[in-house]
Structures are given as structure tokens and as C-alpha cells.
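Notes follow the structure.
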Amino acid sequence: MITVSSLTKSRADVRVLEDVSLAGPEGTVTAVVGPSGSGKSTLLRCLNGLETFDSGGISIAGHSLAAGPHPPTRLERLRRDVGMVFQQFNLFAHLSAIDNIALAPRVVLGLSAAEARDRGLDLLDRVGLRSFAAARPATLSGGQQQRVAIARALAMRPRVMLFDEPTSALDPAMAAEVMDVIVELAGAGQTMVVVTHDHAFARRAASRVVELAAGRIARQGPVAEIL
Amino acid sequence: MRFLRNAGSLAGRVTGLFSGLCTGIVAGGLLAVPVGPARAAELDDVVARGELVWAADQEGGGPHVFPDPTDARRMTGFEVELATLLAEELGVKPRFQQGQWDRLPLLLGRTADCVINGIELTPERHRDYFCSRPYFGYSLQLLTRRESPIDDFEKLASPGPAGRWRVGVLTGSAAESVMRSRPDLEVDVIGYDGTIDSLEQVSGGVLDAAVMDDCIFTFYADRFSRLKTVGRPFAGGFYTVLTGRDTPRLSAAIDMALGRLIADGRLKSLYDRWDLAGRQQMLMLRDATEIPPARRRSVWELGRDTLPLLLRAAGMTVLLSCLSFPLAVCIGLAVAVGRMYGPPLIRPLLTGYVEVLRGTPLMLQLYAIFFLLPKIGLALPALVAAVVGLALNYSAYEAEIYRAGLKAVPPGQFEASLALGLSKWQALRHVLVPQAVRIVMPPVTSDFIALFKDTSVCSAITVIELTKRYSVLALSTGRIVELAIVTALLYLAMSWPLAMLSRWFEGQLERPAVGGGTREG
């Protein structure tokens, strides 16, 4: 499902990623761990083309990315199959929870407003927030916002989900709510890559672990062996 | 006259506020500061000062007063020479004071001792100022293009092929009042601030005809070879030197000096030199008292006669604002998006668009659209030109506001949109622009109020909105203060709801529903 081969990226003469290769089979959860600045988030953002890279290649959900700038239409097709959840949630501030979720299915997939809404309400159910459908993001707690953000990404029915430190901006109680949702997704067989520095969470959710250090892969393997 | 002087100053301040332009405010501020002598300069002051300050508008053009073609810093014209002769008679030197033609009388007692600039002797002027004996006889002449179907003044009594005839006149001139006093004619009378403007517009096909003092057209006939006179001059009157009612001795001295110039033939030889022979003989037996002064209207009559006109002009102000601002917002938004997200090639062009429109005065842009575009075959009606001019000018400001608004949307919003598979344009349409629009609501509303007041600049291209209507009515009725108060109230009645709206939007913004707010806590 995910293959990264010899990925290299520099930013202003600094090597951010160096010869990174990994594989994420269908239905598995890969945790990416490592200290701050080790290139975890950059690697994740390369996977859906939010960042470009200098050499190597990526194959994800049936799409492939090469070094250098990516053509916009190729990225749009890829991103329909690859969802992403951000550390800071990034919910659309002007839309209610349900509209946040329904926007992309409506605009990108061409669903009718009613279809998109139904899909959104089901997902809100799944993350336990159906009663907050009409709430604006700013009125929700951080944990609630992140769960809406997960529902928003899931609404596109992606084949791969990317999580960029999804619990780092949350206090422990809220982080637990979000972790439960992610663990439940893992149990349902969703292919995922989770960047985190919470080893306990990685052990709970992931089957494989990739540890980065200074842009290189330090270790990788089954979660039981690494952590 | 003391009353009138204060009145003029108040009018200046009020107009300054209305215009909303820095210049207006500065001018108003200057008028509020007593710069001239504490009282109007009487004859002894003029003699002691050694200067007779005479006011005229060089924009009015030849043959009266105009910049010397060989040296633009110098003024020339038959009235320049007349002023010199009059000053000599008083034993002083002449000094020229520039002013806008229809407001020259307001300078009396403040920065000018007298007005010499083709001022027609009318009952209203006779009521409000001291009028000297006539120094010049003018006739009104109808002018049109050579190929025009108007070959006789009576043709104006029935509609033309395109409906009512459009006839240009100088605002505040006798030509204007004569044409406006003829409801029997199928004519829309359009007032211009400069004499030549209406000739340009007839030549360019915007107007069907123009009416002006015949000597003006004679002077410019070479420049407007496509124009012809229609029939004989059809009405006429006299030019007078205006002085203030509170300077009787100066007024009398100027009147007598003029008498001496007429009697000993110096005025005649002056006119001979300017090719204006025949003007002076008509004056020999006349003096100003042949024209009786107009009656001053009661407040009730004033309201009855002016309120409907002021209300209609206020309607024009609203119409201009409400047509041009939405356009400005749409263009501005498109320019802002283009500058930030458009193809790299067009970005510098859009930057240029913004800088040119922000960096040049609105007045100049309106002039260009209304007076210069007809020269390349694009003659826009005044209202359309005004709306287009306001919309373009304000679009530059709106573009900058929206650019700031788009920058204020957290970058995570754009990334989140892209990550969901939205294209750049879909992200703009559904996520960035809706948020930017909410963020910039207060400055945009405040710009609407600014545009609302800037519509007064459109009077430069013959659109009569509230400020212009006030200015015309104040001068023709002499009720400067009363009408200023009514006009100010009308502006307030219109801008107050806008200010409320602006405050409401700000209240909406402070509510947590809108804004960046994706952070914890």
C-alpha cells in the first residue's frame, strides 16, 4: 500500500531526510517515532505531496510521486485516497462540524448536499460527536476538534490515513479520546501512518515502527521488537 | 458681509468634511483659521496695502483669463488687462487670486477684494453683492457639430433621434439658468465646471450641443473646427465687477474707475486689441441699477424650492455608492486573489494596477474616463463613467484589504483543504475567501462610508450629487448656512445606518464563531 524508496530531501543545505526507505502493507499501522527535528513530520508530509523531495520515490494507495514539483492534478487524485490529520486540527473556522466534514465529499467527489450530510452524520456518530453537528470549531474542546478532523478526513473514504502528532496539542484526557478513535480505526483494518513521540500510544495502535534520527532511519521493524 | 464671510467659511468646512479627501480637510482647516484681515478690506486698506486682489478662474479660459501660451506662469486675457487698468486707477498694483468660477464670490472679503471674471449681472447677484456698472456685453450662442441635425434653436423644442437633446453649459453661468428656465425645450441641461469641457464633449459626440457666451467660442473656434454656431445669439446680458456689500467705498471707487475707462475710450481700445470691438458701445448708457435685485426667499419658500432637489441629489449619491461599491469589492477580491495565487506572469501586472489606481487622484481618473476615452471612440454617459471610475479606484483599496484578509487566514486552513483533495481554486472558493471576507468586514464597511462621501468628486464630470446640488443652490439662493445644515443632516441620515452596520459586523467578528480559532483552549 505504501512504499518509500531512498527518499532524500534538503532544506537550505540541511539534509532533512537521507535515504529513507520503508514499506507499509495494506491494513497495517506504521508508527513513526524519533526526537523533535528528526524529520518525522516532513516524511509524513511528503507522503501526500504537501512537501516535495529531491530524490527517491513514493508509491502510496496506487499513486506514485517522483522527485521535484508534483503536477497539481496528480496530487488532487492522490489526496482523494490519502487522508491527513494535523497536530493543530485545522478545522475550517467558518463552518460547523458537519459542514467541515461534508465539504470535500461535496466539492471533490460531487456528492449531493444530502448524501454528504448523511455520510458526515454517520462519521460524527463514529467519533461520538453526533450531537455537536451544528457546533462551530471554536466552541469545541481540542479533543472534540481533533475527532471532527478525523471524521473529516475519513469522509473521503481514503485508503491510507496519515496522522501528524494527532495528540501532541491535547491534555492527557483529551488525548485519550482521540487515541481511542485511532485504535478503533486500526482495529477496523484502516491502513495508517502515525507520527508520534508517545511510545505507549505507538505500542497500542501500531504494528510496525520506524524510528528516525537526524533524517535517517535508525531502526525499523515490528512494534514489539523496537519499543 | 461679515455674516456672509463666516457663512463662506462654514460652507468651506462643511464641504471639506463631505469630500472626505485630505485636500478637502486641509482646505477646510485653512478656511477655519482667520488668514486674511479681521474685516473685509475697504478702499483705505487696499491703498495702504498697495494691491488690488482680484479673483478669477484661469480654468475658465479665454478670452477672459487664461495662462499665457508662451509662458504658462503668466496670466493673460482681456480681464487681466482690465484689472490692471482698474488697479492703476486706484493707484495700486493688481494681484491675481485663483478660485473656482462658480464660487469666486465667496472669496470676497477673505482673500479677494473683487471678482472680475465674466460674472453676469443677475438679480441674485445684485441682491447678494455690490455689482459695478457693466463692462462687457455678452450674448449666448448655441453650438453643435457641423454635421448635426440642429440647424436652428427651435429644433431643440422637439426631441432628437435619440430622445431629449443633451446640452452642456458652464455650471452657475447665465447660459445654465437660461437653458434651465426653458421647460418647453426637449433638452437635458448638463453643467460643467470648465468652459472648454462642454466644447470637448460636443466635439467627442457625448453632447448634442453647448450653450455659452459667444466670445468664448469665437476665441476657441480654431481649436474646435468640427463645431459650428447655430443661428444668431439668442440671449445676452452684461459682465459686472463684484465687490462685497460691506466695502461700499471700494465698490464705488471701482465703479467710478470703470466709468472713467469707458468714457475716455481706454476700455474700447482694450476690446479692439482683443478683437472684441462693438462690446463697449452697448455699455455707455447703462448702469447696474437697470437690473432690479432679486427678492430674498423666506425659509418656507427655500424649503419648498430646494428640498426636493436636495433629496433627489441625495438619491444620486446613494445610487452612485450602491452601484459602484459592489463592483469595487468584486474587482478588488479578484485582484487580491490573482496577486496571491494567480499565474506568476500576471502578478506584477495586478500589482501595477493597484499602485497606479491608488497612486493617482480619483478626480484625475474620472476626468480620464469621461473626457479622454471619447477621444478613442468610447463615450460613456456621465453616470456610467462615474460608477466605473469609483469602482476602479476603490477596487485598488479593496484589493489591498482582501490581500491582508487572505494573509490573515491561518496557513493550516489552506493545507487542510489541499490535503482533502481540493484544488487551489476550490480551497480559495470554499475555505480561504469566505474566511477572509469575514475578517475584513469592518474595514470594507468603513471604505463604503468613505466611497459614499467620495461620490461628491463625480460633480467634476457633470453628475449632480448632494454636495454639488448644495453648492449650486447655496450660491443661487444666498442661503449658505441653512442649506449646509440641511445637507449635512442628509449625509448623516445616510451614513449613520452604514456606521451602525459596520459596528454590527465588528460585533459579529468578536463572537467566537468566526476567526482563526483552531487552537486549543
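One line per chain: the protein sequences are A and B, in this order.
Numbering-wise (our numbering), the first sequence opens with residue 1 and increments by one.
Numbering-wise (our numbering), the second sequence opens with residue 1 and increments by one.
Idealized CB from N, CA, C, for every residue including glycine.
Compare the C-beta of B/L406 against all C-beta atoms of chain A and say whether one is closer than 9 Å.
-> no
What does a CB cutoff of less than 8 Å around B/L422 pick up in its chain, not counting 5 residues either side in sequence?
-> H430, V431
Tell me, please, whether the CB atom of B/V35 is closer than 9 Å to any CB atom in chain A?
-> Note that B/V35 has pLDDT 45, beneath the 50 cutoff, so the model's placement of it is unreliable and the number below is only indicative. With 9 Å as the cut-off, B/V35 does not count as an interface residue toward chain A.
Under 7 Å by beta carbon: chain B residues contacting A/H94 | P434, Q435, R438, V514
Using a beta-carbon distance below 9 Å, is A/M212 in contact with chain B?
-> What sits at residue 212 of chain A in the sequence shown is Leu, not Met. Closer than 9 Å: no.
First through last residue of the beta strand (DSSP E) which encompasses A/V29 = 29-33
Using 9 Å as the limit for Cβ to Cβ distance, is B/Q426 near chain A?
-> yes
Once you ignore the five residues that flank B/L107 on each side, which residues in its own chain have a CB closer than 6 Å to its CB?
-> Taking C-beta separations shorter than 6 Å and ignoring five residues to either side along the sequence, the partners of B/L107 in its chain run A55, G99, following chain order.
Go through its chain and collect everything with a Cβ distance to B/A235's Cβ below 6 Å, but skip five positions before and after it.
-> L140, V178
With distances taken between CB atoms, is the gap from B/L362 to B/L390 smaller than 9 Å?
-> yes
Please report the Cβ distance between A/L7 and A/C46, rounded to the nearest whole angstrom; I am assuming they are in contact, meaning their Cβ atoms lie under 8 Å.
-> 7 Å
Paired residues, beta bridge with A/R159 - DSSP = Paired residue(s): none; A/R159 is not in a bridge.
Can A/M161 and A/G39 be called in contact, C-beta distance under 9 Å?
-> The Cβ atoms of A/M161 and A/G39 lie no closer than 9 Å to each other.
Is the CB of B/P442 under 9 Å away from at least one CB in chain A?
-> no
Could you check what DSSP says for A/D54 in three-state terms: helix, strand or coil?
-> coil
Since A/A205 contacts A/A31 with CB under 8 Å, what's their CB separation in whole angstroms?
-> 7 Å
Contact set for B/G237: own chain, Cβ-Cβ below 7 Å, skip 5 residues either direction = E120, L121, Y138, A174
Given a cut-off of 9 Å, decide if A/V29 and A/Q190 are closer than it, judged by their beta-carbon atoms.
-> yes
At what residue ranges does the stretch 380-437 of chain B contain a whole run of the alpha helix (DSSP H), taking only runs of 4 or more?
-> Counting whole runs of 4 or more residues, the stretch 380-437 of chain B contains the alpha helix (DSSP H) stretches 382-408, 411-419, 424-427.
How long is the line joining the alpha carbons of A/E115 and B/L207, rounded to whole angstroms?
-> 60 Å
Where do the N-terminal and C-terminal ends of the alpha helix (DSSP H) with B/W300 fall, by residue?
-> 299-341
By a C-beta neighbour count over all protein chains shown, 10 Å radius and 16 as the cutoff for buried, is B/S321 buried or exposed?
-> Counting Cβ neighbours within 10 Å, B/S321 comes out buried, since at least 16 surround it.
Identify every run of the beta strand (DSSP E) within the stretch 82-160 of chain B, keeping only runs that are complete inside it and at least 3 residues long; order them along the chain.
-> 93-98, 136-145
Would you mind stating whether B/I190 and B/T462 have Cβ atoms separated by less than 9 Å?
-> yes
Counting only the same chain and skipping the five closest in sequence on each side, list residues whose C-beta sits under 8 Å from that of B/G160.
-> P149, I150, E186, D208
Determine, using beta carbons only, whether B/G421 comes closer than 9 Å to chain A.
-> Using a Cβ-Cβ cut-off of 9 Å, B/G421 counts as an interface residue toward chain A, since at least one Cβ of chain A sits closer than that to its own.
Hey, is the stretch 320-335 of chain B in contact with the stretch 394-410 of chain B, meaning 3+ C-beta pairs nearer than 8 Å?
-> At 8 Å Cβ cutoff, the stretches touch.
When you compare only the Cα positions, how much space is there between B/G205 and B/I369?
-> 14 Å
Chain-ordered neighbours of A/M179 on chain B, where CB pairs are closer than 8 Å | Result: empty, since nearest Cβ-Cβ is about 16 Å, beyond 8 Å.
Compare the C-beta of A/F86 against all C-beta atoms of chain B and say whether one is closer than 9 Å.
-> yes
Do you know how far the Cα of B/L366 is from the Cα of B/A385?
-> 7 Å
Contact under 9 Å by Cβ, A/L22 with A/I217 = Contact flag set, yes.
Using a cut-off of 7 Å between C-beta atoms, extract the partners of A/A104 located in chain B.
-> L420, G421, L422
What three-state label does DSSP hand B/V241 in the structure shown?
-> coil
Is there at least one Cβ from chain A nearer than 9 Å to B/G29's Cβ?
-> Any reading at B/G29 must be qualified, since the residue scores a pLDDT of 41, below 50, and its modelled position is unreliable; the value itself is stated next. B/G29 does not count as touching chain A.
With DSSP run on the structure shown, which of helix, strand or coil describes A/S131?
-> helix
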